[in-house]
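Trainee: Starting off with a structure, shown below.
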Amino acid sequence: MTARAFDLVIRNAKVTTASDTYAADIGIVDGCIVQIGRQLGPGAREIDAAGRTVTPGGIDAHCHLDQPMAPPVRLADDFFTGTRSAACGGTTTVIPFAAQRKGGTLRAALDDYHRRAGGRACVDYAFHLIITDPTPSVLRDELPELIGQGYTSYKLYMTYDRLKLDDGQILDVLDVARQHGGMPMIHAENADCITWLTQKLEAAGKIAPRFHALSRPALVEREGAHRAIALSELLDVPVLLVHISGAEAVEQIRAARVRGLNIYAETCPQYLLLTALDLGIDDSYHGARCVCSPPPRDTDSQHAIWQGLADGLFTVVSSDHSPFNLEGPDGKTPGGQEVAFRHIPNGIPGIETRMPLLYSEGVLGGRISANKFVELTATGPARTYGLYPRKGTIAIGSDADLVIWDEREFTLANEHLHHAVDYTPFAGRTLRAWPAMTLLRGATVWDGRDFTGTAGGGAFLRRGLPSIAAIGLRTPARSAWLRDALPRVGAASPVSADPAPDLAPDRAQSPAPPPPAQPA
Numbered sequence: 001m002t003a004r005a006f007d008l009v010i011r012n013a014k015v016t017t018a019s020d021t022y023a024a025d026i027g028i029v030d031g032c033i034v035q036i037g038r039q040l041g042p043g044a045r046e047i048d049a050a051g052r053t054v055t056p057g058g059i060d061a062h063c064h065l066d067q068p069m070a071p072p073v074r075l076a077d078d079f080f081t082g083t084r085s086a087a088c089g090g091t092t093t094v095i096p097f098a099a100q101r102k103g104g105t106l107r108a109a110l111d112d113y114h115r116r117a118g119g120r121a122c123v124d125y126a127f128h129l130i131i132t133d134p135t136p137s138v139l140r141d142e143l144p145e146l147i148g149q150g151y152t153s154y155k156l157y158m159t160y161d162r163l164k165l166d167d168g169q170i171l172d173v174l175d176v177a178r179q180h181g182g183m184p185m186i187h188a189e190n191a192d193c194i195t196w197l198t199q200k201l202e203a204a205g206k207i208a209p210r211f212h213a214l215s216r217p218a219l220v221e222r223e224g225a226h227r228a229i230a231l232s233e234l235l236d237v238p239v240l241l242v243h244i245s246g247a248e249a250v251e252q253i254r255a256a257r258v259r260g261l262n263i264y265a266e267t268c269p270q271y272l273l274l275t276a277l278d279l280g281i282d283d284s285y286h287g288a289r290c291v292c293s294p295p296p297r298d299t300d301s302q303h304a305i306w307q308g309l310a311d312g313l314f315t316v317v318s319s320d321h322s323p324f325n326l327e328g329p330d331g332k333t334p335g336g337q338e339v340a341f342r343h344i345p346n347g348i349p350g351i352e353t354r355m356p357l358l359y360s361e362g363v364l365g366g367r368i369s370a371n372k373f374v375e376l377t378a379t380g381p382a383r384t385y386g387l388y389p390r391k392g393t394i395a396i397g398s399d400a401d402l403v404i405w406d407e408r409e410f411t412l413a414n415e416h417l418h419h420a421v422d423y424t425p426f427a428g429r430t431l432r433a434w435p436a437m438t439l440l441r442g443a444t445v446w447d448g449r450d451f452t453g454t455a456g457g458g459a460f461l462r463r464g465l466p467s468i469a470a471i472g473l474r475t476p477a478r479s480a481w482l483r484d485a486l487p488r489v490g491a492a493s494p495v496s497a498d499p500a501p502d503l504a505p506d507r508a509q510s511p512a513p514p515p516p517a518q519p520a
């Protein structure tokens, strides 16, 4: 390159990807990586990484931002505060959810979320769809069209009365995935078991936050995971099971993988670091801060999930950031009242702490390698959700989304964080790493002390189809049955992972009641 041909050079980096670790300089032009090597020429701006680890910017593929809730409850973070917090924790791309309202269209949901995010997001973003009403027109026309436009992932619920689908509806959506591609995501819990247990607990007067865990024991997740796997196998369609919390569900996924089924899995830091005891050991309301679904389990489940991270069972680590204030009438105390566990808004904040917690407890704790950390927080999500190789790696042609890590020990407090939530469930924990700098397309958005990005600095990302490697091949018998019983009617063309960012045009929509305060 000629003199000062680079906009930015990061020197003396310990470049760490999902597959390699090596010393190099990184040359950046127009927000993209254009050269990687030793002793690169000068840049208009230079940063000395001083031998520190440099990873791709994180992709948080499961978070809830500015998602409508039933009044008086609301999420504490909108697209500005939530993505500001993400950037300060090393995350440069988020994929929150656009939730369809019953009786509404998927397009109306997307238009609403584009309005919420446009001009507010500080990091790049895309949207998963939440499908709550798979009508014939949604299945026949709308969902295939949106997959072709780059909305290539969609979440299905087995629980929550106003969100859940029955098995037949789930099969209908999976059949669209079979024909047109994309990545179905399933929240796998047995709703009837949860309802029955909740009613029994309430009848016995057991309504404190700690009983939330008893209302959703590990076996309801195990059954849901088993059923989701069976539905996936029936149609020979890959699925990703979100926020896996317990050892029993891990066993179901491991058995499916051994059989060669294309079952992918996500977990979250709360299932690695919290247990049901964090919901309380008495009937105080303090445990409301850790009410989320599925609930944290026990140390055996933690060990099983750590093992699954290390050996490749899990593809993605996300935050499931669902931020409700602990104090005030719009959060964990709806209307200013301490309520029974089933009325406590489900979710905890974690968008900023996801990367540092996994780096501290995983990499520096000796549980996973730095390369595995990158795979779980960046490369795996990018491949799973159609963003690779624009996102999720350090390579020529990729966006210059980078994190320089500072390995130092400190005690985490909520005052360190940049979300709009009044607590973190991880307060008091000793961390051993935090981003010294976060770059979004070559621009510094976190300098180690201050947020330096801007509202509206994030771009919307149209996504391609998943590029994640298949676990197993379709069996001849299964494929033959599918050809005879369910002929493929055509497939959408894959979408490039990196066309120009775009915003959907505004469209009029009729208001409908928002979903309940249970986004997890």
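Following this note's numbering, the numbering of the sequence shown begins with 1 at its first residue and continues without gaps.
For each residue, glycine too, the CB sits at the ideal point set by N, CA and C.
Everything numeric in this text was worked out from a predicted model, so none of it was measured.
(1) What residues match up with TRP196 in a beta bridge as DSSP calls it?
(2) HIS180 to LEU146, Cα distance in whole Å?
(3) Can the beta-carbon of SER301 be found closer than 8 angstroms to that of ARG354?
(4) Do the segment 161-170 and the segment 207-222 meet, that is, are 3 or more Cβ pairs less than 8 angstroms apart?
(5) Note down, one range per segment and in chain order, each beta strand (DSSP E) of at least 3 residues found wholly within the segment 170-245.
(6) Can you tell me whether ASP166 is helix, strand or coil according to DSSP?
(7) Jot down the residue ranges of each uninterrupted alpha helix (DSSP H) in the segment 369-439, minimum 4 residues, whole runs only, in chain order.
(8) Ordered along the chain, which non-local residues of its own chain (more than five positions away) have a Cβ less than 8 angstroms from that of PRO144?
(9) Three-state secondary structure (DSSP) at HIS62?
(10) Alpha carbon to alpha carbon, how far is THR393 from ARG38? Give it in angstroms, no decimals.
(11) Cβ atoms of LEU219 and GLU251: under 8 angstroms apart, would you say?
(12) Suppose contacts are defined by Cβ-Cβ distances below 8 angstroms. Is ILE59 in contact with ALA382 by that definition?
(13) Can you tell me which of LEU440, ALA213, ALA420 puts its alpha carbon nearest to the alpha carbon of PHE195?
(14) Does the structure place the segment 347-367 close enough to the segment 55-70 that three or more beta carbon pairs sit under 8 angstroms?
(15) Applying the criterion that 16 or more other CB atoms from any shown protein chain within 10 Å of the CB defines a buried residue, is LYS102 buried or exposed?
(16) From ASP298, PRO184, GLY260, pick the residue whose C-alpha is nearest to that of PRO522; which is it?
(17) Out of GLY104, GLY380, GLY224, which has the shortest C-alpha to C-alpha gap to GLY312?
(18) In the DSSP assignment, the beta strand (DSSP E) including ARG11 goes from what residue to what residue?
(19) Specify, as a first and last residue, the run of the alpha helix (DSSP H) that GLN252 falls within.
(20) Grab me the residues of LEU40's own chain with a C-beta within less than 6 angstroms of its C-beta, minus the 5 sequence neighbours each way, in chain order.
(21) Answer with buried or exposed for ILE368, where buried requires no fewer than 16 other C-beta atoms within 10 angstroms of its C-beta.
(22) Contact check, THR438 vs ALA87 under 8 angstroms by CB: the rounded distance?
(23) Check for me: the beta strand (DSSP E) holding ALA443 runs from which residue to which?
(24) Does DSSP put ASP124 in a helix, a strand or coil?
(25) Using the C-alpha atoms, what's the distance from GLY331 back to PRO68?
(26) Taking the alpha carbon of TYR157 as the reference point, which residue from TYR151, VAL173, GLY90, ASP484 has its own alpha carbon closest?
(27) Look at ILE305 and LEU272 and say whether their C-beta atoms are less than 8 angstroms apart.
(28) What does a CB cutoff of less than 6 angstroms around PRO134 pick up in its chain, not counting 5 residues either side in sequence?
(29) Could you tell me which of PRO323, GLU338, HIS243, SER232 sits nearest to ASP283, measuring between CA atoms?
(30) Helix, strand or coil: which one does DSSP assign to PRO323?
(31) Can you tell me whether SER496 is buried or exposed? The criterion is at least 16 other CB atoms within 10 Å of its CB, across all chains shown.
(32) Would LEU75 and PRO323 qualify as a contact pair, given that the criterion is a beta-carbon distance under 8 angstroms?
(33) Are GLU415 and ARG432 close, meaning C-beta to C-beta below 8 angstroms?
(34) If we require 4 or more residues per run, which alpha helix (DSSP H) segments fall completely within the segment 72-148?
(35) Should ALA265 go down as buried or exposed, given a rule of 16 or more other Cβ atoms within 10 Å for buried?
(36) Out of curiosity, what's the CA-to-CA distance linking ARG429 and GLY148?
Mentor: Quick answer:
(1) Answer is none; TRP196 lacks a bridge partner.
(2) If you take the alpha carbons of HIS180 and LEU146, they lie about 10 angstroms apart.
(3) No, the Cβ-Cβ distance between SER301 and ARG354 is not below 8 angstroms.
(4) With a cut-off of 8 angstroms, the segment 207-222 and the segment 161-170 do not count as touching, because too few Cβ pairs lie within range.
(5) Entirely contained in the segment 170-245, the beta strand (DSSP E) runs reaching 3 residues are, in chain order, 183-187, 239-241.
(6) Coil.
(7) For the segment 369-439, the continuous alpha helix (DSSP H) assignments of 4+ residues that do not extend past its boundaries occur at 370-374, 380-384, in sequence order.
(8) Closer than 8 angstroms at the Cβ level, and outside the excluded window around PRO144, lie VAL176, GLN179, HIS180, ALA492.
(9) Looking at HIS62 - three-state DSSP - the assignment turns out to be strand.
(10) Distance between the alpha carbons of ARG38 and THR393 is about 19 angstroms.
(11) For the 8 angstroms CB-CB criterion, GLU251 and LEU219 do not form a contact.
(12) ILE59 places its beta carbon less than 8 angstroms from that of ALA382.
(13) Looking at the sequence provided, one finds Thr at residue 195 rather than Phe. Comparing Cα-Cα distances from THR195 to each of LEU440, ALA213, ALA420, the minimum goes to ALA213.
(14) Here the segment 55-70 makes contact with the segment 347-367; the two share three or more CB pairs at distances below 8 angstroms.
(15) Counting Cβ neighbours within 10 Å, LYS102 comes out exposed, since fewer than 16 surround it.
(16) Residue 522 lies beyond the residue range present for the chain, which begins at 1 and ends at 520; the question has no answer from this structure.
(17) Closest option to GLY312, Cα to Cα, is GLY380.
(18) It spans 6-16 - the beta strand (DSSP E) in which ARG11 sits, taken as one unbroken run.
(19) GLN252 -> alpha helix (DSSP H) spans 247-258.
(20) The residues are VAL9, ASP25, GLY27.
(21) Buried, by the Cβ-count rule.
(22) About 5 angstroms separates the two Cβ atoms, so the contact holds.
(23) Counting along the chain, the beta strand (DSSP E) containing ALA443 begins and ends at 443-446.
(24) ASP124: strand per DSSP, three-state reduction.
(25) For PRO68 and GLY331, the distance between alpha carbons rounds to 13 angstroms.
(26) For TYR157, the nearest C-alpha among the options comes from VAL173.
(27) Going by C-beta atoms, ILE305 is nearer than 8 angstroms to LEU272.
(28) Around PRO134: GLN169, ASP172, VAL173.
(29) Nearest of PRO323, GLU338, HIS243, SER232 to ASP283, Cα basis: GLU338.
(30) It is coil, neither helix nor strand.
(31) Because SER496 carries a pLDDT of 36, less than 50, the predicted location of this residue cannot be relied on, and the following value inherits that uncertainty. That one is exposed.
(32) Yes, they are a contact pair.
(33) Between GLU415 and ARG432, the C-beta gap is not smaller than 8 angstroms, which leaves the two residues out of contact.
(34) Qualifying alpha helix (DSSP H) stretches, in chain order: 79-88, 106-117, 143-148.
(35) Per the 10 Å Cβ criterion, buried.
(36) Rounded to the nearest angstrom, the two C-alpha atoms are 44 angstroms apart.
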